[in-house]
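>
There are 2 protein chains.
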Amino acid sequence: MSKIKPRVLKGFRDYLPTTMIPRQKMLATIEATFQRFAFVPLMTPALELLEILKGKYGAEGESLLYSFEDQGDRQVALRYDLTVPLARVVAQYGELTLPFRRYQIAPVWRAEKPQRGRFREFSQCDGDIVGSADMAADAEILQLACSLLDDLGVANYTIQVNNCKVLSGLMRRIHVDEGVAEAGVLRTIDKLPKIGREKTEELLKNESGLSSEQVAGIFEFLSIEGDTDEKLRKLDGLFVDGGGRQGVDELRQLFRFVRALSLDGLITLDLSIARGLNYYTGTVYEAFLRDLSGIGAVMGGGRYDGLIGVFKGQEVPAVGISLGIDRLLQGLVELKLLEESRSVAQVLVTVFDAESAPHSARIAQDLRRGGVACEFYPGAAKLGKQFRHAERAGMGWVIVLGPDEQAQGKVQVKDLETGAQEAVPEKELVGYLSGRVG
Amino acid sequence: MSKIKPRVLKGFRDYLPTTMIPRQKMLATIEATFQRFAFVPLMTPALELLEILKGKYGAEGESLLYSFEDQGDRQVALRYDLTVPLARVVAQYGELTLPFRRYQIAPVWRAEKPQRGRFREFSQCDGDIVGSADMAADAEILQLACSLLDDLGVANYTIQVNNCKVLSGLMRRIHVDEGVAEAGVLRTIDKLPKIGREKTEELLKNESGLSSEQVAGIFEFLSIEGDTDEKLRKLDGLFVDGGGRQGVDELRQLFRFVRALSLDGLITLDLSIARGLNYYTGTVYEAFLRDLSGIGAVMGGGRYDGLIGVFKGQEVPAVGISLGIDRLLQGLVELKLLEESRSVAQVLVTVFDAESAPHSARIAQDLRRGGVACEFYPGAAKLGKQFRHAERAGMGWVIVLGPDEQAQGKVQVKDLETGAQEAVPEKELVGYLSGRVG
Numbered sequence: 050m051s052k053i054k055p056r057v058l059k060g061f062r063d064y065l066p067t068t069m070i071p072r073q074k075m076l077a078t079i080e081a082t083f084q085r086f087a088f089v090p091l092m093t094p095a096l097e098l099l100e101i102l103k104g105k106y107g108a109e110g111e112s113l114l115y116s117f118e119d120q121g122d123r124q125v126a127l128r129y130d131l132t133v134p135l136a137r138v139v140a141q142y143g144e145l146t147l148p149f150r151r152y153q154i155a156p157v158w159r160a161e162k163p164q165r166g167r168f169r170e171f172s173q174c175d176g177d178i179v180g181s182a183d184m185a186a187d188a189e190i191l192q193l194a195c196s197l198l199d200d201l202g203v204a205n206y207t208i209q210v211n212n213c214k215v216l217s218g219l220m221r222r223i224h225v226d227e228g229v230a231e232a233g234v235l236r237t238i239d240k241l242p243k244i245g246r247e248k249t250e251e252l253l254k255n256e257s258g259l260s261s262e263q264v265a266g267i268f269e270f271l272s273i274e275g276d277t278d279e280k281l282r283k284l285d286g287l288f289v290d291g292g293g294r295q296g297v298d299e300l301r302q303l304f305r306f307v308r309a310l311s312l313d314g315l316i317t318l319d320l321s322i323a324r325g326l327n328y329y330t331g332t333v334y335e336a337f338l339r340d341l342s343g344i345g346a347v348m349g350g351g352r353y354d355g356l357i358g359v360f361k362g363q364e365v366p367a368v369g370i371s372l373g374i375d376r377l378l379q380g381l382v383e384l385k386l387l388e389e390s391r392s393v394a395q396v397l398v399t400v401f402d403a404e405s406a407p408h409s410a411r412i413a414q415d416l417r418r419g420g421v422a423c424e425f426y427p428g429a430a431k432l433g434k435q436f437r438h439a440e441r442a443g444m445g446w447v448i449v450l451g452p453d454e455q456a457q458g459k460v461q462v463k464d465l466e467t468g469a470q471e472a473v474p475e476k477e478l479v480g481y482l483s484g485r486v487g
Numbered sequence: 050m051s052k053i054k055p056r057v058l059k060g061f062r063d064y065l066p067t068t069m070i071p072r073q074k075m076l077a078t079i080e081a082t083f084q085r086f087a088f089v090p091l092m093t094p095a096l097e098l099l100e101i102l103k104g105k106y107g108a109e110g111e112s113l114l115y116s117f118e119d120q121g122d123r124q125v126a127l128r129y130d131l132t133v134p135l136a137r138v139v140a141q142y143g144e145l146t147l148p149f150r151r152y153q154i155a156p157v158w159r160a161e162k163p164q165r166g167r168f169r170e171f172s173q174c175d176g177d178i179v180g181s182a183d184m185a186a187d188a189e190i191l192q193l194a195c196s197l198l199d200d201l202g203v204a205n206y207t208i209q210v211n212n213c214k215v216l217s218g219l220m221r222r223i224h225v226d227e228g229v230a231e232a233g234v235l236r237t238i239d240k241l242p243k244i245g246r247e248k249t250e251e252l253l254k255n256e257s258g259l260s261s262e263q264v265a266g267i268f269e270f271l272s273i274e275g276d277t278d279e280k281l282r283k284l285d286g287l288f289v290d291g292g293g294r295q296g297v298d299e300l301r302q303l304f305r306f307v308r309a310l311s312l313d314g315l316i317t318l319d320l321s322i323a324r325g326l327n328y329y330t331g332t333v334y335e336a337f338l339r340d341l342s343g344i345g346a347v348m349g350g351g352r353y354d355g356l357i358g359v360f361k362g363q364e365v366p367a368v369g370i371s372l373g374i375d376r377l378l379q380g381l382v383e384l385k386l387l388e389e390s391r392s393v394a395q396v397l398v399t400v401f402d403a404e405s406a407p408h409s410a411r412i413a414q415d416l417r418r419g420g421v422a423c424e425f426y427p428g429a430a431k432l433g434k435q436f437r438h439a440e441r442a443g444m445g446w447v448i449v450l451g452p453d454e455q456a457q458g459k460v461q462v463k464d465l466e467t468g469a470q471e472a473v474p475e476k477e478l479v480g481y482l483s484g485r486v487g
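Chains as they are written, first to last, in our numbering: chain X, 50 to 487; chain R, 50 to 487.
#1: Determine, for residue 228 of chain X, whether the minimum Cβ-Cβ distance to residues of chain R falls below 7 Å.
#2: Could you check whether the Cβ of residue 237 of chain R sits closer than 7 Å to any Cβ belonging to chain X?
#3: Using a threshold of 7 Å, state whether the C-beta atoms of residue 169 of chain X and residue 160 of chain X are closer than that.
#4: Please name the residue or residues paired with residue 208 of chain X in a DSSP beta bridge.
#5: How do the stretch 357-375 of chain R and the stretch 442-457 of chain R stand: do at least 3 beta-carbon pairs fall below 8 Å, yes or no?
#6: Which residues mark the beginning and the end of the alpha helix (DSSP H) in which residue 481 of chain R is found?
#7: Can the beta-carbon of residue 337 of chain R be found closer than 7 Å to that of residue 467 of chain R?
#8: Determine whether the Cβ of residue 50 of chain R lies closer than 7 Å to any Cβ atom of chain X.
#9: In chain order, what residues of the same chain have a beta carbon less than 8 Å from the beta carbon of residue 263 of chain R, not counting five sequence neighbours either side?
#10: Could you pull the start and end residues of the beta strand (DSSP E) that residue 191 of chain X belongs to?
#11: Assign residue 354 of chain R to one of three DSSP states: helix, strand, or coil.
#12: Any contact of the stretch 347-354 of chain R with the stretch 366-378 of chain R, i.e. 3+ C-beta pairs under 8 Å?
#13: Return no unless some Cβ of chain X is closer than 7 Å to the Cβ of residue 387 of chain R.
#14: Quick one: any contact between the stretch 386-399 of chain X and the stretch 295-313 of chain R, if contact means 3 or more CB pairs under 8 Å?
#15: Compute the Euclidean distance between the alpha carbons of residue 119 of chain R and residue 93 of chain R, then round it to the nearest angstrom.
#16: Would DSSP call residue 172 of chain X helix, strand or coil?
#17: Any idea which residues DSSP pairs residue 153 of chain R with across the strands?
#18: Would you report the Cα separation of residue 50 of chain R and residue 358 of chain X, rounded to the nearest angstrom?
#19: Going along chain X in order, which residues have a C-beta closer than 7 Å to the C-beta of residue 272 of chain R?
#20: Which word fits residue 342 of chain R, buried or exposed, when buried means at least 16 other C-beta atoms lie within 10 angstroms of its C-beta?
#21: If you drop the 5 nearest sequence neighbours on each side, which residues of the same chain put their C-beta closer than 6 Å to that of residue 284 of chain X?
#22: Starting from residue 281 of chain R and walking both ways along the alpha helix (DSSP H), at which residues does that stretch end?
#23: So, is the C-beta of residue 314 of chain X closer than 7 Å to a C-beta in chain R?
#24: When we look at the beta-carbon of residue 212 of chain X and count the other beta-carbons within 10 Å, is it buried (16 or more) or exposed?
#25: Counting only runs that start and end within the stretch 70-142 of chain R, where is the alpha helix (DSSP H) found for 4 or more residues in a row?
#26: Check whether the Cβ of residue 452 of chain X lies closer than 7 Å to any Cβ atom in chain R.
#27: Are there 16 or more other CB atoms within 10 angstroms of the CB of residue 156 of chain X, so buried, or fewer, so exposed?
#28: If the cut is a Cβ gap below 7 Å, which residues of chain R does residue 53 of chain X touch?
#29: What number of angstroms, rounded off, separates the C-alpha of residue 191 of chain R from the C-alpha of residue 310 of chain X?
#30: In terms of residues, what are the limits of the beta strand (DSSP E) holding residue 459 of chain X?
#31: Compare the beta carbon distance of residue 421 of chain R and residue 482 of chain R with 7 Å and say whether it is the shorter of the two.
#32: Going by C-alpha distance, which of X:205, X:56, X:201, X:439 is nearest residue 315 of chain X?
#33: Where does residue 50 of chain R sit, in a helix, a strand or coil, going by DSSP?
#34: What are the residues in the stretch 402-422 of chain X lying within 7 Å of chain R by C-beta distance?
#35: Buried or exposed: where does residue 164 of chain X fall if 16 or more other Cβ atoms within 10 Å of its Cβ makes it buried?
#36: Name the chain R residues that come within less than 7 Å of residue 448 of chain X, Cβ to Cβ?
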């Protein structure tokens with residue numbers, strides 16, 4: 050038989066069941082949390098008109114778009130994130146009343162150079178509140194961030210918050226120009242925790258062309274210490290008016306909520322959080338698992354008051370959260386909060402011979418109707434083979450219907466962990482197993 | 050502000066929350082059913098190498114592929130279905146032990162001419178058992194089909210089963226050539242319920258070039274009547290050897306399982322079921338909602354023993370089910386088994402003024418921690434506006450924290466349906482609402 054070599058595209062991957070089983074559990078928890086916060090689901094197409102996506106991600110981002118001409122000679126592209134499609138949707142449908150809160154879990158595509166842990170297709174999970182400029186919305190997003198991690202079972206985490214207006218105020222203080230120059234400096238500051246102070250200083254001087262005084266001004270700002278209240282008081286002294294002042298006021302309002310929610314032990318002000326993206330306009334934040342700091346931020350987000358206006362023609366404020374699904378899953382597995390698994394069922398119903406196979410099928414049907422998940426072995430293979438199948442899948446129980454048991458209206462239930470075997474009347478099987486299966 | 054017109058590509062659509070909320074409920078039920086049958090989740094990339102997809106869907110299908118050249122000059126295409134990617138995965142990963150049963154819910158893309166109810170992006174939901182040629186596997190898929198509909202609350206449905214080998218046997222009997230000619234005739238037979246006998250006869254004569262005797266042979270076959278057992282006995286007389294004989298034997302084995310599962314009232318033999326796709330090799334079937342026959346089949350599938358071999362180099366038998374997600378959702382809404390909805394929460398926590406907003410946020414936090422889903426209005430808008438927001442979203446309760454209530458450690462709870470209002474101590478609020486909210 051001639052064959053085509055089975056393979057995936059470079060930079061793409063299959064999620065096999067061992068990964069998908071804990072991933073689905075994680076996503077079910079995440080969706081439940083979103084819904085408890087009244088976020089509603091939304092789904093947008095994978096393909097958008099290129100003009101919808103263009104000009105939103107900077108030159109570098111734009112070069113990574115999977116764009117092509119479709120059969121109708123339209124320039125189209127696979128979505129790059131979930132935020133721009135949300136902005137389009139909010140502008141497009143008048144029936145969506147504001148404030149509007151939605152979540153979306155879906156893949157995005159970026160033609161990046163593949164490297165360890167970086168793929169060209171990956172899933173994003175975003176939640177956003179659209180239509181409120183009030184810090185109450187930002188606080189709601191931070192409360193959500195904490196609940197997501199709480200519900201996933203993470204005990205030890207920290208969320209570090211900053212405000213882009215404060216960073217921009219700092220840029221004005223040290224005379225860095227708005228726009229490209231500022232964006233470059235902020236991107237470098239964002240790398241500080243990864244690359245260290247020395248390398249950061251070098252980049253600020255050589256790449257952004259800052260003077261020693263300007264660099265010193267940045268590190269003076271970044272070295273502001275103390276708890277959140279102390280930091281805010283020190284910032285009061287630095288910014289008396291303009292955007293920087295507004296940023297400090299926003300942070301103070303935000304932390305009133307944080308304290309009322311008793312989240313001030315988890316959420317702290319970190320003046321070095323800058324976020325890479327240039328559409329943020331206010332609050333920015335990142336969440337870290339304290340026991341796994343090496344894997345980087347597992348969530349992040351912020352306020353972007355300018356993006357929706359591009360489609361709407363008038364400014365619509367918005368604030369959001371984005372979860373790094375793959376990184377979070379990796380973290381939860383490493384923390385043993387989730388287990389990789391090969392099966393979603395704990396019970397295998399075997400087939401003794403072709404003659405009795407329909408009878409076995411009915412036993413499986415009874416179990417399922419009784420709420421016990423089970424696999425039915427589809428064919429009369431040797432029993433040893435069927436047992437090995439159950440063991441490889443990590444199942445706990447195997448049901449065997451030999452001719453004797455069948456004659457007595459019973460089945461043999463074997464506990465694969467202990468090796469114990471028991472004859473159980475068919476009618477009692479659901480009760481017997483539902484008490485034992487987790 | 051200059052703006053870009055917000056719009057979706059022709060043939061694509063957004064799923065707004067009113068549709069997504071019941072859709073997510075439906076999918077959660079479907080996933081739970083798949084898992085009770087021990088099907089494990091799988092996820093494959095949206096983009097595949099073109100050579101993986103080519104030659105699988107016939108000339109017409111292939112012309113609908115969204116294919117393009119990627120940044121690395123590779124010919125790639127968006128997936129057209131979930132079956133070919135499954136076949137690739139089974140051939141690619143030795144660690145997947147057979148029999149392997151997986152489900153996948155994901156969008157596929159076909160550049161069809163858009164028309165009412167037909168889109169270029171739509172979701173498929175597939176379940177397959179790979180690695181068993183035994184009719185026990187086909188029976189398992191049919192049991193699953195029934196459970197999916199049972200669990201979705203559909204009381205009145207029918208599943209019509211046939212076998213491709215029987216149809217091929219018929220083609221040999223009336224001297225229609227294997228391959229292109231046979232495929233054309235079967236595609237026409239498949240249209241019979243839609244276009245009627247007269248038009249079918251016309252197509253068979255004019256398009257497939259059949260003689261009057263050949264057409265008569267087909268309708269003689271299709272008019273075989275009686276219950277399943279009677280039909281099988283009549284087929285025994287028609288097919289004494291060859292593939293047709295094997296098909297009848299398979300059907301007889303399959304219906305042994307159907308009877309043992311007491312599903313013979315729901316699953317019947319229908320000799321006109323042919324399915325359009327040419328990769329089916331044995332059992333084929335379609336499921337219909339009896340109260341909504343106009344919407345067509347809501348599920349369908351069958352056995353395809355040849356497809357995986359294209360990637361594996363040796364034959365691997367497989368049988369599967371495919372759910373028409375959109376059609377099913379439409380049906381469940383029409384049957385009032387699911388409701389369109391604008392909100393996933395029944396409770397809105399309002400904000401009385403900026404000063405007390407953090408206190409309101411804490412009330413929302415208490416409710417959520419107590420398991421009561423609620424929305425927190427993000428900002429101190431006029432109360433009337435906040436109430437209208439709750440009404441538009443179809444919520445049942447609104448919480449108000451006026452200064453008096455706050456002083457007393459209470460909140461006002463207003464039932465939007467009855468208009469009744471009650472002051473409830475903060476500490477009793479979770480209990481008060483969790484008893485009332487569905």
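In this text, a Cβ means the ideal position worked out from N, Cα and C, and glycines have one as well.
Just so we're clear, the structure is a prediction, and the values are computed from it rather than from any experiment.
Taking the coordinates as given:
#1: Residue contact with chain R for residue 228 of chain X: absent (no Cβ-Cβ distance below 7 Å to any residue of chain R).
#2: no
#3: yes
#4: Its beta-bridge partners are X:316, X:336.
#5: no
#6: 478-483
#7: no
#8: A caution first: residue 50 of chain R carries a pLDDT of 48, below 50, which makes its placement in the model unreliable, though a value can still be read off. It does; some Cβ of chain X falls within 7 Å.
#9: 223, 224, 225, 253
#10: It is not in any beta strand (DSSP E) - residue 191 of chain X instead sits in the alpha helix (DSSP H) that spans 184-200.
#11: coil
#12: yes
#13: no
#14: no
#15: 18 Å
#16: strand
#17: R:175
#18: Any reading at residue 50 of chain R must be qualified, since the residue scores a pLDDT of 48, below 50, and its modelled position is unreliable; the value itself is stated next. In a straight line, the C-alpha of residue 50 of chain R is about 8 Å away from that of residue 358 of chain X.
#19: Per Cβ cutoff of 7 Å: no residues; residue 272 of chain R is ~30 Å from chain X at best.
#20: exposed
#21: 297
#22: First-last of the alpha helix (DSSP H) with residue 281 of chain R: 277-287.
#23: no
#24: A residue is called buried once 16 or more other Cβ atoms fall within 10 Å of its Cβ, and residue 212 of chain X is buried on that count.
#25: 99-102, 107-111, 132-141
#26: By this cut-off, residue 452 of chain X is not an interface position.
#27: buried
#28: 100, 101, 359, 360
#29: 52 Å
#30: 459-464
#31: yes
#32: X:205
#33: Caution applies to residue 50 of chain R, whose pLDDT of 48 falls short of 50 and renders its modelled position unreliable; the value that the coordinates give is listed next. If DSSP states are grouped into helix, strand and coil, residue 50 of chain R belongs with coil.
#34: 406, 407, 408, 410, 411, 414, 417, 422
#35: By the neighbour-count definition (other C-beta atoms within 10 Å, threshold 16), residue 164 of chain X is an exposed residue.
#36: Going along chain R, no residue has its Cβ under 7 Å from residue 448 of chain X, so there is no contact; the nearest lies around 13 Å.
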